[in-house]
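Please read the structure below before turning to the comments.
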Amino acid sequence: MVTYIIRRLIWAVVMLTIVSIITFAIFFLVPRLAGATSESLAARYVGRTASAEQVKIAADKLGFNDPLIVQYGRFAKGIVAGADYDYGPGVERCPAPCFGYSFLTRLPVWPDLLDRLPVTLSLAIGAAVIWVLAGVATGVLSALRRGSLFDRAAMGVALAGVSLPIFFTGIVSLVIFSYGHPFRITAPGGSFTPFDENPAMWAYNLILPWITLAFLYAAGYARLTRAGMLETMSEDYIRTARAKGLNERRVVVKHGLRGALTPILTIFGLDLGLLLGGAVLTESTYSLPGMGKYAIDAITNQDLPKVMGVTLVAAFFVVFANLIVDLLYAVVDPRVRLG
Amino acid sequence: MTAPMDVTGGDTEAAPEAVVDASGGKAIQGRSLGQIAWMRLKRDKVALAGGLIVIFLILVAVFAPVIVGLLGQDPTQFNSDLIDSSTMVPKTGTGISVDHLFGIEPVNGRDIFSRVVYGARISLLIAFLATLLSVVIGTLLGVTAGFFGGLVDSIISKTMDVFLAFPLLVFAIALAGIVPDSAFGLTGDTLRVSLLVFIIGFFNWPYIGRIVRGQTLSLREREFVDAARSLGARGPYIIFRELLPNLIAPILVYATLLIPTNVLFEAALSFLGVGVRPPTPTWGGMLADAVRFYTIPHFMFFPGMAIFITVLAFNLFGDGLRDALDPKAR
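First to last, the protein sequences are chains U and Y. Under full-length UniProt numbering, the first sequence has 282 at position 282, and the numbering climbs by one with no breaks. Under full-length UniProt numbering, the second sequence has 146 at position 146, and the numbering climbs by one with no breaks.
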């Protein structure tokens with residue numbers, strides 16, 4: 001088991017390194033292909049008023065003229081050990097993990113990202129609780145009453161749910177429940193209150209995004225759970241469990257659901273990992289100041305250091321979630337460790 | 001206990017493979033997998049309805065200029081005369097009339113119907129091409145990995161893992177956002193469409209790659225592959241003539257279900273402002289505009305419903321196709 005964990009950990013680090021190399025290469029090369037020069041990049045740090053000479057010096061000091069691999073080395077070193085930035089007036093220390101400085105604000109990227117994290121965490125985890133409970137419960141009930149009115153209605157709603165983009169349901173929910181006053185249940189988007197400041201306000205501001213986001217995922221999970229339950233409930237061991245005289249509730253929960261849940265666990269890990277890296281669409285629909293909104297703003301402003309930082313942090317969450325799922329799998333299913 | 005053996009012979013059920021009974025049952029006809037699937041699909045009314053809507057949408061996209069021409073409303077034509085100049089909303093509230101079936105947009109008064117019709121073009125074009133790209137890359141690499149195994153398999157599988165670790169949406173937005181309006185010798189809509197096809201298609205291939213690889217791994221051990229090999233067939237022949245025909249069913253199902261995902265993806269990118277550039281109409285772009293005018297719901301209703309109906313129709317058809325092609329399904 002220990003070797004397995006170590007192997008997975010090493011692979012996770014390797015994967016993050018590869019992702020960072022590709023990300024860096026793409027965001028390094030594409031702007032240059034599009035005509036940006038070292039000087040025009042450096043000019044974004046020193047401002048428009050600087051003379052051509054100043055810009056050139058800054059470009060040299062920031063290392064924009066170095067080969068790609070040297071620049072990547074410095075970038076990677078900054079993440080691991082921090083870096084010193086020298087763009088003219090003085091040297092600034094950027095502590096690890098250093099993702100560089102924003103073109104626009106000239107503030108380090110990492111503390112900015114940390115500020116956004118609680119928003120995305122609150123959104124993703126709150127929604128995840130709702131969608132897992134609702135999705136799995138609906139899926140199980142549907143499978144147990146296959147062909148019933150409930151099953152057909154639930155699956156119809158679920159199919160519609162996976163076919164609706166969140167930026168459509170999101171706007172509609174805002175129109176009905178927020179802007180339109182008759183059924184107002186939440187503040188219009190854009191406001192976030194930290195949990196430790198005021199839990200009631202925190203939930204009040206998030207309830208609408210939670211439900212909309214959860215609806216989308218719950219629909220998918222209900223379909224998956226139903227399919228999984230239909231398969232496991234026709235297994236021989238279910239018949240054995242019934243033959244032993246176990247009551248139906250135990251048969252369904254302890255034997256049926258348990259078998260059906262493993263694939264759902266995998267998908268849940270991946271979904272949550274992706275969401276933690278920024279629920280881009282939900283956050284921009286509801287104007288929540290999370291990591292996804294941060295990514296969009298960074299891209300709109302062509303702020304490359306921010307874009308790179310947020311992409312890498314998002315990749316970290318995906319890799320981390322994968323790792324956790326793999327390890328959980330190894331605990332649940334001993335065959336995995338040997339493979 | 002499994003199903004009882006069929007002792008009386010093959011006259012009760014159609015065998016899944018085309019079995020022509022040589023010993024003489026005249027009522028028995030061999031049916032190919034395709035025929036069985038078609039029979040099942042014909043009985044599935046919901047899937048058929050989805051398929052019909054899909055065909056209808058494709059026709060709308062192909063004949064968009066004709067349809068729009070019949071009503072005489074250009075999708076980029078401003079109709080400022082129908083807009084209330086102080087509130088910037090249509091004078092009649094929605095602007096819905098015989099000329100403008102879905103009403104007009106606020107501010108510049110463009111015809112929503114023709115924009116929705118033209119939006120189908122961009123949406124379906126990108127979704128189809130991106131799916132094609134994913135399917136081609138995924139199938140080639142998946143079959144290669146599954147068939148050759150060993151080092152080739154581990155390299156391809158690890159590559160898939162790396163691809164799956166990319167935060168796809170963030171990355172797609174970033175990439176689509178930093179490419180300027182003229183690059184790689186292309187400009188305008190052609191550039192944006194090719195770029196979106198590339199981004200959406202290129203990052204989605206590992207999903208189908210995994211499925212194809214898994215299927216290939218199990219097919220590779222089957223007797224007919226051994227038989228072909230013992231007759232002297234080499235790698236390429238086995239891949240193209242023995243393996244691929246057996247992979248068509250899962251690939252077809254997956255492709256049908258990937259199209260709606262890609263429709264949503266394209267709409268999301270357009271919604272976020274990194275899709276095909278305005279004034280070319282896209283459903284996602286229309287929704288993004290509609291957010292600012294939430295007091296006039298018809299503006300968001302039509303593009304939103306267009307996305308919903310398209311995705312739903314493909315999902316219904318894809319689900320039906322999967323059930324029809326699945327030999328285990330009842």
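Beta carbons: idealized from backbone N, C-alpha and C, even for Gly.
Item                                                                                                          : Value
Whole alpha helix (DSSP H) elements within the region 156-224 of chain Y, 4-residue minimum                   : 168-178 and 188-220
Neighbour flag for Val307/U against chain Y, beta carbons, 8 Å                                                : yes
Chain U within 8 Å of Asn315/Y, Cβ atoms only                                                                 : yes
Residues that Ile207/U contacts on chain Y, provided the C-beta gap is smaller than 7 Å                       : The contacting residues do not exist; Ile207/U stays about 19 Å from chain Y at best.
First and last residue of the uninterrupted alpha helix (DSSP H) at Thr261/Y                                  : Leu244 to Phe271
CA-to-CA distance, Ala222/U to Ser142/U, given in whole angstroms                                             : 8 Å
Proximity test, Cβ basis, 8 Å: Ile248/Y and chain U                                                           : no
Three-state class that DSSP yields for Arg106/U in the structure shown                                        : coil
is_contact[Phe167/U, chain Y] using C-beta, thresh 8 Å                                                        : yes
Terminal residues of the alpha helix (DSSP H) in which Arg40/Y lies                                           : Leu33 to Arg43
Reduced DSSP secondary structure (H/G/I, E/B, other) of Asp84/Y                                               : coil
Close beta carbons around Ala83/U, own chain, < 6 Å, minus the five adjacent residues each side               : Cys94 and Cys98
Same chain, Cβ closer than 7 Å to Leu274/U, neighbours up to 5 away in sequence not counted                   : Val318
C-alpha distance - Arg249/U paired with Ala241/U, whole-angstrom precision                                    : 11 Å
Three-state secondary structure (DSSP) of Thr8/Y                                                              : Reliability of the predicted coordinates at Thr8/Y is poor, the pLDDT of 40 falling under 50, and the value obtained from them is presented with this limitation in mind. Thr8/Y falls in the coil class under three-state DSSP.
For Ile112/Y, the first and last residue of its enclosing alpha helix (DSSP H)                                : Ile112 to Phe148
Whole-angstrom distance between Gly69/Y and Met15/U, CA atom to CA atom                                       : 53 Å
CA-to-CA distance, Gly320/Y to residue 340/U, given in whole angstroms                                        : The structure shown does not extend to residue 340/U, since chain U spans only 1 to 339, so no value can be given for it.
Coarse secondary structure for Pro305/U, derived from DSSP in three states                                    : helix
Under 9 Å from the C-beta of Pro297/Y: neighbouring residues of chain U                                       : Val172 and Val175
Within-8 Å CB hit, Leu216/U to chain Y                                                                        : no
Tyr72/U, DSSP secondary structure in three states                                                             : helix
Which residues DSSP lists as bridging Asp84/U, in chain order                                                 : Arg93/U
Close Cβ partners of Ala324/Y (< 6 Å) along its chain, the five nearest in sequence each way excluded         : Ala37, Arg40 and Leu41
Nearest candidate by alpha-carbon position, reference Ala128/U, set Thr225/U, Tyr217/U, Arg146/U and Val253/U : Tyr217/U
Local conformation of Pro263/U per DSSP, three classes                                                        : helix
As assigned by DSSP and simplified to three states, the class of Pro90/Y                                      : strand
Helix, strand or coil at Ile28/Y according to DSSP, with G and I counted as helix                             : coil
Where the alpha helix (DSSP H) containing Tyr204/U begins and where it ends                                   : Pro199 to Thr232
Min CB distance Ile307/Y to chain U below 8 Å                                                                 : yes
Option nearest Phe78/Y by Cα separation, candidates Val66/Y, Ser114/Y, Phe56/Y and Pro65/Y                    : Ser114/Y
Beta-carbon gap between Ile58/Y and Leu124/Y smaller than 8 Å                                                 : yes
For Ala174/Y and residue 345/U, the rounded distance between their alpha carbons                              : As shown, chain U starts at 1 and ends at 339. That puts residue 345/U outside it, with no answer to give.
CB of Thr17/U within 8 Å of CB of Gly292/U, strictly                                                          : no
Straight-line gap, Ile104/Y to Phe198/Y (C-alpha atoms, nearest Å)                                            : 33 Å
Exposure of Asp289/Y, with buried meaning 16 or more beta-carbon neighbours within 10 Å                       : buried
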